[in-house]
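> These protein sequences, in sequence, are chains X and R.
Anchor point for the first sequence: position 115 equals 115 in full-length UniProt numbering, and the numbering is continuous, going up by one each time.
Anchor point for the second sequence: position 311 equals 311 in full-length UniProt numbering, and the numbering is continuous, going up by one each time.
Heads up, the beta-carbon is just placed ideally off N, CA and C, and yes, glycines get one too.
A quick note: this is a predicted structure, and the numbers were derived from the prediction, not measured.
2 protein chains.
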Amino acid sequence: MSKERIYLFDTTLRDGQQTPGVDFSLEDKIAVSALLDNFGIDYVEGGYPGANPTDTAFFAKKRTGHSSFTAFGMTKRAGVSASNDPGLAALIQSKADAVCLVAKSWDYHVKVALNITNEDNLASIRESVEAVVRSGKEALLDCEHFFDGYKANPDYAIACARAAYEAGARWVVLCDTNGGAQPGEIAGIVKTLIAAGIPGDHLGIHAHNDTGQAVANSLAAIEAGVRQVQGTLNGIGERCGNANLITLIPTLALKPYFAERFDTGLSQDKLKEITALSHAFDEMLNRSPGAQSPYVGASAFATKAGIHASAILKDPRTYEHVTPESVGNYRKVMVSDQGGKSNFVDALARRGITVSRDDPKLDRLIEIVKEREATGYAYEGADASFELLAHRTLGRVPDFFEVVSFRVMVERRFDARGELRTVSEAVVKIMVDGAEHMSVAEGHGPVNALDIAMRKDLGAYQAEIADLELADYKVRILNGGTEAITRVLIESSDGTGARWWTVGVSDNIIDASFQALQDSIVYKLMKNRDLAGRVAAE
Amino acid sequence: MSKERIYLFDTTLRDGQQTPGVDFSLEDKIAVSALLDNFGIDYVEGGYPGANPTDTAFFAKKRTGHSSFTAFGMTKRAGVSASNDPGLAALIQSKADAVCLVAKSWDYHVKVALNITNEDNLASIRESVEAVVRSGKEALLDCEHFFDGYKANPDYAIACARAAYEAGARWVVLCDTNGGAQPGEIAGIVKTLIAAGIPGDHLGIHAHNDTGQAVANSLAAIEAGVRQVQGTLNGIGERCGNANLITLIPTLALKPYFAERFDTGLSQDKLKEITALSHAFDEMLNRSPGAQSPYVGASAFATKAGIHASAILKDPRTYEHVTPESVGNYRKVMVSDQGGKSNFVDALARRGITVSRDDPKLDRLIEIVKEREATGYAYEGADASFELLAHRTLGRVPDFFEVVSFRVMVERRFDARGELRTVSEAVVKIMVDGAEHMSVAEGHGPVNALDIAMRKDLGAYQAEIADLELADYKVRILNGGTEAITRVLIESSDGTGARWWTVGVSDNIIDASFQALQDSIVYKLMKNRDLAGRVAAE
């Protein structure tokens with residue numbers, strides 16, 4: 001049975017731009033479109049040339065090799081001919097391969113927002129699409145608020161879709177603009193539209209997540225006959241977001257319910273890149289990846305309860321709906337205070353540490369982890385600290401150095417020029433091989449100062465940590481308020497490209513940072529001696 | 001047309017406990033069950049008495065007044081009679097109103113995980129349910145991996161469900177334990193089960209979110225005939241989470257597609273409490289509320305683009321699928337660098353500040369907000385800081401005090417007893433009415449010390465801030481790594497019950513904290529004079 005092709009349309013750079021807190025620069029847009037192009041997305045909707053300088057500059061060159069580079073914009077204004085509409089001209093003159101126009105398809109909007117007649121709106125659709133087709137570019141038409149428009153005036157909504165189709169649009173996209181439609185409604189309306197003569201292989205779906213069903217709505221539309229699906233990376237978008245392509249793609253490609261009937265055009269190998277794609281985009285936006293994101297989240301294939309874990313180790317098919325490898329993720333057996341012994345032994349083995357189940361030191365380690373996690377340590381996200389704790393408890397960490405004392409000071413005062421300035425200074429005393437090393441450093445803030453001071457003079461080990469870098473720093477206040485415990489996570493990297501996380505917990509943020517910094521350095525020294533980090537860091 | 005009742009079953013405290021990073025203490029469980037009971041949830045599954053000390057203690061008393069207090073556990077072991085199974089006994093002897101037993105319904109699991117015959121498993125189900133019924137408690141049976149079990153061996157899966165039903169179970173719950181089922185599959189299987197003789201009004205659905213469709217799967221099951229839906233607050237749960245009740249409930253109660261046919265048992269007024277319920281739970285878990293969560297997220301009803309916003313202000317029905325008030329949320333016209341003038345004027349009006357659209361100071365305010373938000377300030381989450389900024393820019397903040405300088409020190413060293421101790425000390429110099437006040441304080445950490453020092457001696461204003469308290473403190477590192485900008489959000493409260501958030505941004509965490517602390521105090525003084533806080537804080 002031959003499969004039907006589903007076309008993937010990404011609007012991260014256009015509809016995704018509406019996300020609170022998100023603003024793509026020209027460089028950002030170039031980087032994201034490259035990611036999407038390399039991954040194999042069919043359409044990359046890059047923005048609205050003519051509407052703002054960034055998008056105009058972005059569309060001054062063709063930015064994709066494989067994907068259809070798509071410009072978004074509005075149909076022509078009423079009272080102006082298509083050839084005289086400057087907005088339309090900007091779209092057609094851009095370096096886009098395709099132009100996706102948005103039009104009203106809800107008669108109420110035509111009246112209240114545009115203040116024109118229904119007929120005039122149909123004419124705008126028709127003439128604008130014809131203008132795009134004439135230019136040689138592919139034409140798409142977004143029917144805004146299509147499902148609400150259909151519920152209010154089904155004939156008119158269908159008329160809008162038909163006008164676009166008959167004018168030569170390659171795709172007529174049905175948009176659930178306010179995100180309130182239910183999958184059953186969408187399926188019914190799509191079927192009616194197809195029965196009215198607009199073929200499914202010219203229909204697309206653009207869903208929003210306001211009832212938590214953007215993905216389900218998209219899939220319901222596909223089942224009902226549409227063949228293009230629009231969404232964004234990691235589901236970003238206005239309000240509750242757009243349909244998440246990172247969730248949609250694996251579902252279409254890996255779940256037999258869809259994979260038997262449909263083809264996304266992506267190979268199995270491409271699919272394995274989807275976790276990396278999702279995380280690369282999060283990094284670009286400086287967002288913490290959602291640990292619980294379907295398929296790609298750090299916890300997507302993680303189990304906690306001891307009982308489950310034994311069976312998983314035997315046969316993952318009994319507990320996993322798809323294999324983590326198929327999406328480039330991995331099976332996480334969590335280090336947590338609810339973990340059974342098997343969990344721990346396995347977690348240690350993954351780090352190249354072998355210990356017997358009956359070793360009393362293992363019980364001691366489990367006890368310490370439980371105690372610490374009760375006070376705020378989260379070893380799940382701090383592999384290096386866990387590894388060090390394991391090494392220390394099982395008795396095998398060399399005494400590289402000891403921080404005898406430190407003092408961190410932040411002072412804000414008027415300087416000689418009468419300006420308010422804040423200065424951060426740290427002093428540390430470190431014993432290395434019986435000799436005391438005292439260092440002082442200034443930094444952007446207290447933690448930066450402490451970090452620099454700690455790594456300024458480590459005696460015999462100084463050369464070894466030259467390539468050590470603090471890559472990221474996360475703070476979390478637990479318990480809140482005045483009894484707050486602070487948890488600090490530090491990500492470090494070195495010249496080999498390895499990255500590792502360490503953790504510190506205290507009611508004092510400087511103290512917590514100190515613990516994480518110290519662990520980072522010790523881990524680096526252990527790693528240099530191949531005593532740690534034997535498994536590739538995630 | 002009479003509506004059919006949908007029963008709401010919350011498993012936050014049982015299945016939700018499997019969430020990475022979540023661990024409920026006894027006090028937590030008591031607090032959460034009270035929240036759920038007060039809200040009107042039908043069943044509160046509180047945990048597994050007998051399996052661990054916390055749950056055993058939790059079930060030593062009946063913890064709910066309205067909700068059915070439900071204990072979870074396993075069916076009897078093979079080879080032991082129901083009356084001799086200690087696990088079952090613990091459930092039956094607990095103070096629960098209902099007992100929800102989990103049983104295998106996938107023949108492969110019966111063989112591989114339990115190592116017993118299919119018939120023995122059916123007997124375990126039958127005898128365990130009968131034992132619960134005999135005890136006078138309500139019996140529920142979770143059919144684990146039901147949908148995969150059905151696909152592998154439909155007759156056996158149905159037999160398991162039937163065994164529970166015929167033994168007297170009030171509810172037979174179909175669990176999509178690995179979260180991979182699709183809505184269409186669930187609908188088909190549920191219909192088949194009902195056709196096989198197990199009535200929909202005795203069926204429940206327990207979905208997981210591994211393909212991002214836990215809510216859609218639950219609704220598909222309800223459409224197909226089930227009448228109980230299981231989920232958790234804010235969708236917490238293992239891996240990708242359970243079905244999110246906070247999304248399900250408003251969808252069932254407000255979307256005509258469901259609301260016309262079904263009744264959740266919750267009044268319109270109760271529904272308005274759902275945003276508060278969701279946020280209270282996030283606070284309890286020390287999680288940042290998801291801004292993009294359907295219905296309750298801070299951005300759920302927020303628009304960014306200037307064009308949209310004007311039309312919204314005219315007629316929200318054109319853009320919103322439900323009214324924010326119906327779920328206790330509010331329409332957010334965002335203070336953001338993309339906000340049009342109308343947005344600002346409206347945001348200020350909401351805070352009791354009137355300013356003319358043509359006032360040049362308004363342009364200045366907008367400019368400052370744009371600049372600051374580009375560097376990391378987030379006025380969306382810091383109402384009080386925004387209000388102060390507005391007052392300052394529009395020219396109306398009294399000079400209460402001026403912090404001339406401050407110095408914060410954190411020192412870790414060995415004390416007289418040879419133990420490592422960390423001490424935090426802050427010194428501040430404040431000018432009040434021309435007189436200099438210098439104060440020193442120690443604290444848990446540098447920010448705590450600075451907070452105490454700043455509020456120790458404010459001259460003439462000292463008595464006014466006696467009831468000022470730091471309620472919460474949040475830190476966020478933006479941009480990450482070495483060029484990190486720190487954003488601090490502080491929540492303050494006072495004797496009147498008012499709560500407000502202030503923000504500070506700097507590459508120095510102490511500096512950022514100082515800004516937020518200072519704003520908090522100034523806001524309090526303004527509020528005392530009825531110059532600020534005229535609109536109730538959210």
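Buried or exposed: which applies to A463 (chain X), given that a residue is buried once 16 or more other Cβ atoms fall within 10 Å of its Cβ?
Your numbering for residue 463 (chain X) matches position 463 in the first sequence. Exposed is the call here.
> Please list, in chain order, all residues of the same chain as T482 (chain X) whose beta carbon is under 8 Å from its beta carbon, the five residues on each side excluded.
Translated into the one-based positions of the first sequence, residue 482 (chain X) becomes position 482. Confidence at T482 (chain X) is low in this model, with a pLDDT of 48, below 50, so its placement is unreliable and the value that follows should be read with caution. Counting only Cβ-Cβ distances below 8 Å, and skipping sequence neighbours, we find nothing.
> Just list the alpha helix (DSSP H) runs in the region 31–102 of chain R, keeping only unbroken ones of 4 residues or longer that don't cross its boundaries, in chain order.
Here the runs fully enclosed are 53–58 and 86–93.
> Would DSSP call A298 (chain R) helix, strand or coil?
Taking the second sequence and counting its residues from 1, the one referred to as residue 298 (chain R) is at position 298. Correct three-state label for A298 (chain R): coil.
> G188 (chain R) versus chain X: which residues are under 8 Å apart at the beta carbon?
For the purposes of this step, residue 188 (chain R) is identified with residue 188 of the second sequence, where counting begins at 1. Within chain X, no residue comes near G188 (chain R); the closest Cβ sits about 10 Å away, beyond 8 Å.
> Counting C-beta neighbours from all protein chains within 10 Å, is the total for F414 (chain X) 16 or more, i.e. buried, or is it exposed?
Residue mapping note: residue 414 (chain X) aligns to position 414 of the first sequence, counting from 1. That one is exposed.
> According to the neighbour-count rule (16 or more other Cβ atoms, all chains shown, within 10 Å of its Cβ), is L420 (chain R) buried or exposed?
The sequence position of residue 420 (chain R) within the second sequence is 420, counting from 1. It counts as exposed.
> Report yes if the CB atom of E425 (chain X) is closer than 7 Å to the CB atom of E442 (chain X), and no otherwise.
The sequence position of residue 425 (chain X) within the first sequence is 425, counting from 1. The sequence position of residue 442 (chain X) within the first sequence is 442, counting from 1. Yes, these two residues count as a Cβ contact at 7 Å.
> With I249 (chain X) and L193 (chain X) assumed to form a contact (beta carbons below 8 Å), what rounded beta-carbon distance in angstroms separates them?
For this step, residue 249 (chain X) is matched to residue 249 along the first sequence. For this step, residue 193 (chain X) is matched to residue 193 along the first sequence. The Cβ separation is near 25 Å, so there is no contact.
> Quick one: list the residues of chain A neighbouring G184 (chain X), beta-carbon separation under 9 Å, in chain order.
Within the model displayed, chain A is absent; protein chains X and R are what it includes.
> For P446 (chain R), return the contacting residues in chain X, with the cut-off set at a CB-CB distance below 9 Å.
Position 446 of the second sequence, counting from 1, holds the residue named residue 446 (chain R). By Cβ distance, chain X contributes V408, V410, P446, N508, I509 and I510.
> What residue does the beta strand (DSSP E) around E464 (chain R) start on, and which one ends it?
Residue numbering aside, residue 464 (chain R) sits at position 464 when the second sequence is read from its first letter. Taken as a continuous stretch (DSSP letters only), E464 (chain R) belongs to no beta strand (DSSP E), as it is neither H nor E.
> What's the C-alpha gap between P256 (chain R) and P294 (chain R)?
Taking the second sequence and counting its residues from 1, one reaches residue 256 (chain R) at position 256. Taking the second sequence and counting its residues from 1, one reaches residue 294 (chain R) at position 294. Roughly 17 Å between the two C-alpha positions.
> Should the region 508–526 of chain X be called in touch with the region 260–273 of chain X, which here means at least 3 C-beta pairs below 8 Å?
Contact fails: fewer than three Cβ-Cβ distances are below 8 Å.
> Can you tell me whether N244 (chain X) is buried or exposed? The criterion is at least 16 other CB atoms within 10 Å of its CB, across all chains shown.
Position 244 of the first sequence holds residue 244 (chain X). By the neighbour-count rule (16 or more Cβ atoms within 10 Å), N244 (chain X) is buried.
> Quick one, which of R:Q515, R:E367 and R:F400 has its alpha-carbon nearest M526 (chain R)'s?
Indexing the second sequence from 1 puts residue 526 (chain R) at position 526. Here the closest residue by C-alpha is R:F400.
> A139 (chain R) lies in the beta strand (DSSP E); which residues open and close that run?
Taking the second sequence and counting its residues from 1, one reaches residue 139 (chain R) at position 139. Counting along the chain, the beta strand (DSSP E) containing A139 (chain R) begins and ends at E138 to E144.
> If you reduce the DSSP assignment to three classes, tell me which class A305 (chain R) lands in.
Counting from 1 along the second sequence, the entry for residue 305 (chain R) is found at position 305. Its pLDDT being 48, under 50, A305 (chain R) is placed unreliably by the model, and nothing is read from it.
> Please return the same chain residues whose Cβ sits closer than 6 Å to the Cβ of D28 (chain R), not counting the five positions on each side in sequence.
The count along the second sequence starts at 1 and reaches residue 28 (chain R) at position 28. Excluding positions up to five away in sequence, the list is empty.
> Are the beta-carbon atoms belonging to residue 550 (chain X) and A164 (chain X) less than 7 Å from one another?
The question about residue 550 (chain X) has no answer, for chain X in this structure spans 1 to 538.
> Please check if any C-beta of chain R sits within less than 7 Å of the C-beta of A279 (chain X).
Here the question's residue 279 (chain X) lines up with position 279 in the first sequence. Per the sequence shown, the amino acid found at residue 279 (chain X) is His instead of Ala. Not one chain R Cβ lies under 7 Å of H279 (chain X).
> Ends of the alpha helix (DSSP H) at H279 (chain R)?
Translated into positions along the second sequence, residue 279 (chain R) becomes position 279. First-last of the alpha helix (DSSP H) with H279 (chain R): I274 to L285.
> Could you have a look at D337 (chain X) and say whether DSSP puts it in helix, strand or coil?
On the first sequence, position 337 is the one that residue 337 (chain X) refers to. For D337 (chain X), the predicted model reports a pLDDT of 45, less than 50, meaning its position is unreliable; a value from the coordinates is still stated below. Correct three-state label for D337 (chain X): coil.
> How is the beta strand (DSSP E) around F9 (chain R) delimited, first residue to last?
One-based indexing of the second sequence puts residue 9 (chain R) at position 9. F9 (chain R) -> beta strand (DSSP E) spans Y7 to D10.
> Against S293 (chain X), what residues of chain R qualify as contacts under a CB-to-CB distance less than 8 Å, listed in chain order?
By one-based count along the first sequence, residue 293 (chain X) stands at place 293. Within 8 Å Cβ-Cβ: C240.
> Please list, in chain order, the residues of the region 162–181 of chain X that have any C-beta partner in chain R closer than 7 Å.
Answer in chain order: N178, G179 and G180.
> Under 7 Å between C-beta atoms, does Y156 (chain X) make it to chain R?
By one-based count along the first sequence, residue 156 (chain X) stands at place 156. Answer no: the Cβ-Cβ gap between Y156 (chain X) and chain R never drops below 7 Å.
> Step through the CB atoms of chain X and report whether any lies within less than 7 Å of the CB of L8 (chain R).
Sequence index remark: in the second sequence, residue 8 (chain R) carries index 8 (1-based). No, because no Cβ of chain X sits closer than 7 Å to the Cβ of L8 (chain R).
> Please decide whether H437 (chain X) counts as near chain R, where near means a Cβ-Cβ distance under 7 Å.
Counting from one through the first sequence, the residue named residue 437 (chain X) turns up at place 437. No, H437 (chain X) lies away from the interface with chain R (no Cβ there is under 7 Å from its Cβ).
> Against chain X, does V215 (chain R) count as a neighbour if the rule is that its beta carbon must be under 7 Å from one of theirs?
Locating residue 215 (chain R) in the second sequence gives position 215, counting from the first residue. Closer than 7 Å to some Cβ of chain X, the Cβ of V215 (chain R) qualifies, so yes.
> Strictly under 7 Å for the Cβ-Cβ distance: is Y150 (chain X) near chain R by that measure?
Numbered from its first residue, the first sequence carries residue 150 (chain X) at position 150. It does not; no Cβ of chain R falls within 7 Å.
> For G290 (chain X), would you say it is in contact with chain R, using Cβ-to-Cβ distances shorter than 7 Å as the test?
Numbered from 1 along the first sequence, position 290 holds the residue referred to as residue 290 (chain X). No, G290 (chain X) does not count as interfacial toward chain R.
> First and last residue of the beta strand (DSSP E) that includes C175 (chain R)?
Within the second sequence, the letter at position 175 stands for residue 175 (chain R). That run of the beta strand (DSSP E) goes W171 to C175.
> Start and end of the alpha helix (DSSP H) containing T393 (chain R)?
As a working note, residue 393 (chain R) is residue 393 in the second sequence. Where T393 (chain R) is concerned, the enclosing alpha helix (DSSP H) stretches over D383 to T393.
> Could you give the C-beta distance for F58 (chain R) and G65 (chain R), rounded to a whole number, given that I count them as a contact under 8 Å?
For the purposes of this step, residue 58 (chain R) is taken as residue 58 along the second sequence, with counting starting at 1. For the purposes of this step, residue 65 (chain R) is taken as residue 65 along the second sequence, with counting starting at 1. Not quite, the Cβ-Cβ distance comes to about 16 Å (not below 8 Å), so this is no contact.
> Rounded to whole angstroms, what's the CA-CA distance from residue 540 (chain X) to I30 (chain X)? Just pull it up for me.
Residue 540 (chain X) falls outside the range modelled here, since chain X spans only 1 to 538, and no answer is possible.
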